[in-house]
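Step one of this worksheet: look at the structure below.
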Amino acid sequence: MIPVVMPTYARADVVFERGEGPYLYATDGRRFLDFAAGVAVNALGHAHPYLVEKLTEQAKKLWHTSNLFRVAGQESLAKRLTEATFADTVFFTNSGAEAWECGAKAVRKYHYESGNPQKNRIITFEQAFHGRTLGAISAAKQEKLVHGFDPLLDGFDQVPFGDLDAVRAAITPATGGICVEPIQGEGGIRAGSVEFLRGLRALCDEHGLLLFLDEIQCGMGRTGKLFAHEWAGITPDVMCVAKGIGGGFPLGACLATERAASGMTAGTHGSTYGGNPLATAVGNAVLDVVLAPGFLDDVRKTSASLRGRLEELIAKHPGMFLELRGQGLMLGLKLGQPVGEVVAKLRANGLLSVPAGDNVVRLLPPLTIGEAEVNEAVGILDRTAQECVG
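Going left to right, the sequence shown walks through residues 1 to 390 as the UniProt record's numbering numbers them.
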């Protein structure tokens with residue numbers, strides 16, 4: 001018989017009852033060091049006192065009014081996001097997939113309103129992941145995402161990740177934009193080079209296209225800057241974010257320049273719950289922490305330490321760990337053993353991680369970890385490698 005919870009996940013047989021900082025505690029008493037962070041969602045760890053305070057404070061006043069009215073938390077959070085980024089305007093959502101959908105619509109609508117309705121196609125990349133909506137899987141085209149869901153939505157032309165020549169060759173009079181994750185998460189923690197990202201920006205400028213970045217996983221301080229594209233010194237026209245922006249509360253956002261959002265007028269898009277008072281109260285609290293002086297400096301310092309220790313592990317266990325990928329605290333280890341088995345063994349040893357494509361295990365700890373958690377995680381990885389390969 002089918003379970004009461006639809007079985008769309010192969011869930012691990014563990015139930016968590018509480019969390020504290022970088023740790024999760026299961027109902028059977030076990031404690032886990034959380035280097036999954038809800039797949040990069042719990043950016044400030046679990047039950048962060050400041051986030052709890054701000055959520056509780058808002059919960060006692062107002063939960064929901066609908067977007068038929070102004071929402072004070074939206075306006076303050078949008079103002080802060082635009083001041084800290086390239087963007088002029090923000091649409092709030094409940095999830096990353098919704099934020100991505102808003103961005104895709106904005107790209108198409110911009111060209112339609114600019115008198116170029118034929119420019120309705122978006123170039124995407126192999127091994128991309130933008131969410132599980134029909135539009136998002138149509139853009140990503142991964143077999144494991146699209147199997148059984150035909151017909152897919154048209155309008156997306158896919159090329160190899162990192163290949164500027166392939167992008168250039170794919171541009172046609174119908175191309176309206178390029179959508180890319182600066183660092184592919186689900187695709188195996190594959191980072192686009194500075195040259196690649198700058199080249200995409202240049203191609204968009206040359207051909208009158210919009211650059212649409214998906215920073216759902218790699219944004220909000222995960223790489224040591226507020227957003228990953230900042231390392232390349234470029235700015236997009238449209239960007240979708242989520243995960244860490246709410247610190248565990250469902251929240252996403254689509255950011256855009258005034259030009260790129262020129263077609264998104266009253267009635268063109270909407271969300272019942274997006275950006276409600278609870279979500280934006282937490283979003284503002286997350287920004288208070290992440291934008292505080294020294295916070296991102298600490299992320300960069302901790303990530304450098306973790307990266308160095310992981311490089312040592314690769315040298316120590318070359319049959320287990322083959323390659324280190326990623327940036328900041330969005331890291332991946334390509335494995336010489338099946339990733340599903342390794343993730344299970346790490347969990348049994350007290351470390352939570354996330355599998356990814358290309359046989360990579362993702363390490364996505366809270367941004368608040370320090371040297372003690374680095375040491376503990378590396379110790380578990382070391383012990384697990386010894387168990388796997390001797």
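We put the beta carbon where it would ideally sit given N, CA and C, even for glycine.
Residue i, buried or exposed, once every other Cβ within 10 Å from all chains shown has been counted against 16
i, result
"W100", "buried"
"Y9", "exposed"
"E186", "buried"
"A372", "exposed"
"H46", "buried"
"A327", "Looking at the sequence shown, residue 327 is not Ala but Gln. It counts as buried."
"M220", "buried"
"G244", "buried"
"I2", "exposed"
"D154", "exposed"
"K79", "exposed"
"E98", "buried"
"S303", "buried"
"T27", "exposed"
"G274", "buried"
"Q386", "exposed"
"R18", "exposed"
"H317", "buried"
"F125", "buried"
"M330", "buried"
"K61", "exposed"
"R222", "buried"
Beta-ladder partner(s) of residue i, from DSSP
i, result
"M239", "L213, L255"
"R362", "G332, V354"
"Q386", "BP columns for Q386 are empty, so no partner."
"F92", "A253"
"G233", "The partner list for G233 (beta bridge, DSSP) is empty, contrary to what the question assumes."
"C179", "F212"
"E20", "Y23"
"R198", "Paired residue(s): none; R198 is not in a bridge."
"I123", "D157, I178"
"R190", "Q184"
Simplified DSSP assignment, three categories, for residue i
i, result
"A47", "coil"
"C204", "helix"
"I245", "helix"
"L296", "helix"
"C102", "helix"
"E323", "strand"
"I314", "helix"
"T272", "coil"
"L33", "strand"
"Q142", "coil"
"R222", "coil"
"P277", "helix"
"T302", "helix"
"Q118", "coil"
"N42", "coil"
"D288", "helix"
"Y112", "helix"
"I380", "helix"
Contact check, residue i vs residue j, beta carbons under 8 Å
i, j, result
"Q118", "F92", "no"
"V167", "L203", "yes"
"L333", "L310", "yes"
"E181", "A136", "no"
"H229", "L197", "yes"
"Q58", "P277", "yes"
"V389", "G319", "yes"
"R201", "F156", "no"
"G188", "G357", "yes"
"H207", "T175", "yes"
"V360", "V342", "no"
"A43", "L291", "no"
"T257", "D88", "yes"
"S262", "A36", "no"
"I369", "P49", "no"
"L322", "L335", "yes"
"V15", "G248", "no"
"R325", "R190", "yes"
"residue 392", "L24", "Any question about residue 392 goes unanswered here, given that the chain covers just 1 to 390."
"C179", "A242", "no"
"L251", "A279", "yes"
"R347", "G224", "no"
"A253", "V90", "yes"
Chain C contact for residue i (CB, 8 Å cutoff)
i, result
"Q74", "Any reference to chain C falls outside this structure, which holds one protein chain only."
Say whether the region 235 to 247 touches the region 207 to 215, bearing in mind that this needs 3 or more beta-carbon pairs closer than 8 Å, one atom from each stretch. yes
Within the chosen definition, does the region 275 to 294 reach the region 49 to 63 through at least 3 CB pairs nearer than 8 Å? yes
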